[in-house]
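A.B. asks: Shown below is the structure under consideration.
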Amino acid sequence: MLNNKGQYFFIGILLIIGSLFFSDYFFVFAANSSQNIIIKVIGSTPVPTSPPGGGGGGGGAALLPVTQVVFSGRAYPGSGVSLLKDAQLVAKTVADPGANFQISLTGLSAGSYIFSLYSEDNSGRRSNLFTFPITITSGVITQVSNIFIAPTIDLDKSEVKKGDNLAIFGQSAANAAITIAVHSDEELFLKVKSDKSGAYFYNLDTTNLTIGQHAVMAKAALAEGISPFGAAVGFSVGLKNVEKAPAKKGAERADANKDGRINLIDFSISAYWYKRPSPPSSIDLSGDGKIDIKDFSIMAYYWTG
Amino acid sequence: MQNLRTQLKISNQRFLSIIFAFSFLSFLFAGSVSAAELFFTADPNGVRVDEQSEIKLFVNTEDEDINALEGKIIFPSEFLDFQGIKDGASIISLWLERPRLAEAGVVVFSGIIPGGYNSAKGLILSLVFRAKEKTSVLIKTSDVKIFSNNGQGNLAFAKTPALNLKIYSPQPNSMVQPMAADNYLPEEFIPIIGRDENIFNNQWFLVFSTQDKDSGIDYYAVAERRSPAAADYSDLNWQKVESPYCLKDQALKSFIYVRAMDKAGNARMSALSPTHSLVWYEKYRLWIIIGLGMILAGAAGLILKRRNISRIN
């Protein structure tokens, strides 16, 4: 009959032997086709824990497998990167000068999660949420790599006089090949390279664009991978130049408590008025006089966690 | 300039023509337009009378980014005995209406996926039934709305095929597989205190949300208590609430406890310390000490007085 100390020692030895056999060899690769991320599941590295009961003198620490998810990829040089787990902000980090970032998350239960990442460039412009579902298995390390956050994009005008130039700019990883798609009658694909800081700029001559509404969006490519396209920004070609307001109107409206974030508090404020009569117009995002799922769909798009 | 104005006019006319043509073609070829699909799956081995089984509702976004959906599930309650709903593994991060049996044979649900979702098989919820008799039944959805993740609140096209479920005779001497037990607590969470002029007359409120990856969240309960902190949570005055919850102690001088209970009875606790500390006269322990001190002082005074009287005598 083993005493407590002996039991923990025995379990510890078993786990060490198990980890030697499996840690380096037991892994699964999965590539997410839509976003090119790589999901790799590795046998966990056990972490020592104190034996229950405490106080019995040293030795005999049990080794328990850790459940961990490690996210890594590229954002913008020196930019803040935020990680959301099931819509709630759980971690933040800063990308290095090469735009690389890594975030580790522990203390998760086994199950399916929706993770989202976004970054904010050096001018405060926010990227799209980069969202992907992952199923976590207890006691293993899941590595999610090759994440490439889409470039930010902005314009100097909301309306441009036909024939004048329209400045298209934003930020991505350093020295990335940026493709700007201009949605028009005939779709245009413009190429530009980001500089050392990841900033890019393109002066679009609008002579050949038709009068009316257009939109632009951008994606970035490096030898290591290609980002998805980011958010589309609209503009019109017309008779005059109108400077573009810097603030995002939709995002501002979705921020019910005006704290600069769109999260559970804003959701709860709107949820209070869900299907109730006479909601305040400031939270009626669709402007139809009621708070229903349509308003929450608009809010979900601008979510920051 | 005149040329540009003419061009603008032509552009508007052309825009209307395109919209008209697009609408007409969409109507003609509605079946071929890419659409998100809500579909059911049942146990591939079939459902048998008196056995408990799960019917799962999934969404296939057909490569479109969606972020909100709602609807109703209709089933014949005369043939299927409703046992419960599992939403722990759902792709829905925040429920507007947590899936519930609204009336006999009707389950309603409504929720959002902040940031959007794009996959061929995302689980929304599972319905647990016990079949009553050998027959064939139809399980379908109605009033389904699926929204695109584009910040405009646009509806995505939704296909909603029904499930034709065959219920077989009970298998003689079959071993009924019990449903797996949920031994895990709901996820850790941190409640947030807030106030806003749009709700509760600008009073302080509490918001909270967590997930249970197995059986799903059943309910939340809140308790508020002024100092000292609770040593035994069962002594607290728990109240079942929903987020947002208007705090009783608007001075924010209480400890706030929030309990998330899953459908298997596992509870996750989260506690917030008081935002403001009590001033000295609000601490009832201090009054007890002062009271005891006064009693002792009074008693000592009485003793001294009696001694003095006895000395004089």
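Heads up: the protein sequence lines correspond to chains A and B, in order. Numbering-wise (this note's numbering), the first sequence opens with residue 1 and increments by one. Numbering-wise (this note's numbering), the second sequence opens with residue 1001 and increments by one. Even for Gly, the Cβ is constructed at its ideal location relative to N, Cα and C. None of these values were measured; they are calculated from a predicted model.
1. Counting contacts by CB-CB distance shorter than 8 Å, is ILE1113 (chain B) in contact with chain A?
2. Would DSSP call THR1275 (chain B) helix, strand or coil?
3. DSSP three-state label for TRP1280 (chain B), please.
4. Please report the distance separating the alpha-carbon of ARG1100 (chain B) from that of ILE226 (chain A).
5. Determine, for ASN1316 (chain B), whether the minimum Cβ-Cβ distance to residues of chain A falls below 8 Å.
6. Nearest to ASN1266 (chain B) by alpha carbon, out of B:ILE1092, B:LEU1185, B:LEU1069 and B:GLU1097?
7. Taking the alpha-carbon positions, what's the GLY139 (chain A) to ILE103 (chain A) distance?
8. So, under 8 Å CB-CB, ILE1192 (chain B) and ILE265 (chain A) are touching, yes? Tell me the CB distance rounded to an integer number of Å.
9. Could you tell me whether any Cβ in chain B is nearer than 8 Å to the Cβ of LYS290 (chain A)?
10. THR142 (chain A) touches chain B at which residues, Cβ-Cβ below 7 Å?
11. Out of A:ILE38, A:LEU129 and A:GLY78, state which residue places its alpha-carbon closest to the alpha-carbon of ALA99 (chain A).
12. Tell me which residues share the same chain as GLY1084 (chain B) and place their Cβ nearer than 6 Å to its Cβ, disregarding the 5 neighbours each side in the sequence.
13. What does DSSP give as the partner residue(s) for VAL233 (chain A) in the beta ladder?
14. Measuring alpha carbon to alpha carbon, tell me which residue in A:THR67, A:TYR76 and A:PRO65 is nearest ALA220 (chain A).
15. Would you mind reading off the limits of the alpha helix (DSSP H) that contains SER297 (chain A)?
16. Tell me whether THR206 (chain A) is buried or exposed, calling it buried when 16 or more other Cβ atoms sit within 10 Å of its Cβ.
17. Helix, strand or coil: how does DSSP classify LEU129 (chain A) here?
18. If you follow the alpha helix (DSSP H) that ALA245 (chain A) is in, where does it begin and where does it stop?
19. What are the start and end residues of each continuous beta strand (DSSP E) run of 3 or more residues lying completely inside the region 160 to 192 of chain A, in chain order?
20. Pick helix, strand or coil for LYS290 (chain A), following the three-state DSSP scheme.
21. Where does MET217 (chain A) land, buried or exposed, given buried means 16+ other C-beta within 10 angstroms?
22. In three-state DSSP terms, what is SER1310 (chain B)?
23. On the DSSP letters alone, give me the boundaries of the beta strand (DSSP E) that ASP1262 (chain B) sits inside.
24. Residues in the region 1063 to 1085 of chain B with C-beta within 7 Å of chain A's C-beta atoms, listed in sequence order?
25. Using a Cβ cut-off of 8 Å (strictly closer), state whether ILE153 (chain A) contacts chain C.
26. Report the rounded CA-to-CA distance for LYS196 (chain A) versus ASP154 (chain A), giving the unit in angstroms.
27. Below 8 Å, how does it come out for the region 1131 to 1145 of chain B and the region 1066 to 1075 of chain B: are there three or more Cβ pairs, yes or no?
28. Assuming ASP266 (chain A) is part of the alpha helix (DSSP H), what are its boundary residues?
29. What number of angstroms, rounded off, separates the C-alpha of VAL1279 (chain B) from the C-alpha of ALA1230 (chain B)?
30. Under the DSSP definition of a beta bridge, which residues are partnered with TRP1204 (chain B)?
31. Out of A:SER112, A:LEU83 and A:ILE298, state which residue places its alpha-carbon closest to the alpha-carbon of LEU105 (chain A).
32. Do GLU1097 (chain B) and PHE1082 (chain B) count as a contact pair if the criterion is CB distance below 8 Å?
33. In terms of DSSP beta bridges, what is PHE101 (chain A) paired with?
34. Rounded to the nearest angstrom, how far is the Cβ of ALA1068 (chain B) from that of PHE1147 (chain B), given a contact under 8 Å?
35. Rounded to whole angstroms, what is the Cα-Cα separation between TYR118 (chain A) and LEU1080 (chain B)?
36. With distances taken from CA atoms, which of A:GLY198, A:GLU252, A:ASN36 and A:GLY238 is nearest LYS162 (chain A)?
C.D. replies: Here's the rundown:
1. Yes, its Cβ sits closer than 8 Å to a Cβ of chain A.
2. DSSP places THR1275 (chain B) in coil when its eight states are reduced to three.
3. In the three-state reduction of the DSSP assignment, TRP1280 (chain B) falls in the helix class, which pools H, G and I.
4. Their backbone Cα atoms lie some 43 Å apart in a straight line.
5. Any question about residue 1316 (chain B) goes unanswered here, given that chain B covers just 1001 to 1313.
6. When each option's Cα is compared against that of ASN1266 (chain B), the closest is B:LEU1185.
7. Roughly 18 Å between the two C-alpha positions.
8. Here ILE1192 (chain B) really is in contact with ILE265 (chain A); their C-beta atoms are around 6 Å apart, less than 8 Å.
9. Not one chain B Cβ lies under 8 Å of LYS290 (chain A).
10. Residues of chain B passing the Cβ test: none, with the nearest at roughly 14 Å.
11. The candidate whose alpha carbon is nearest that of ALA99 (chain A) is A:GLY78.
12. So the qualifying residues of the chain are VAL1128.
13. DSSP lists A:VAL216 as partners of VAL233 (chain A).
14. When only C-alpha atoms are compared, the closest one is A:TYR76.
15. Start and end: 293 to 301.
16. So THR206 (chain A) ends up on the buried side.
17. Coil at LEU129 (chain A), not helix or strand.
18. It is not in any alpha helix (DSSP H) - ALA245 (chain A) carries neither H nor E in the DSSP assignment.
19. Qualifying beta strand (DSSP E) stretches, in chain order: 165 to 171 and 177 to 183.
20. In the structure shown, LYS290 (chain A) sits in coil (DSSP, three-state: anything other than H, G, I, E or B).
21. With 16 or more other Cβ atoms within 10 Å, it is buried.
22. Under the three-state reduction of DSSP output, SER1310 (chain B) falls in the helix class.
23. That run of the beta strand (DSSP E) goes 1254 to 1262.
24. Those would be ASN1067, ALA1068 and GLU1070, in chain order.
25. The chain labelled as chain C is not found among the protein chains of the depicted structure, namely A and B.
26. Their backbone Cα atoms lie some 19 Å apart in a straight line.
27. As far as the Cβ criterion goes, the region 1131 to 1145 of chain B touches the region 1066 to 1075 of chain B, which means the pair count is three or higher.
28. Where ASP266 (chain A) is concerned, the enclosing alpha helix (DSSP H) stretches over 264 to 272.
29. When rounded, the distance between both Cα atoms is 19 Å.
30. DSSP lists B:ARG1195 as partners of TRP1204 (chain B).
31. Closest in C-alpha terms to LEU105 (chain A), from the list A:SER112, A:LEU83 and A:ILE298, comes A:LEU83.
32. No, these two residues do not count as a Cβ contact at 8 Å.
33. Paired residues: A:GLY73.
34. Contact holds; Cβ gap of about 4 Å.
35. One Cα belongs to TYR118 (chain A), the other to LEU1080 (chain B), and the distance between them is close to 45 Å.
36. Taking LYS162 (chain A) as reference, the option from A:GLY198, A:GLU252, A:ASN36 and A:GLY238 with the minimal CA-CA separation is A:GLY238.
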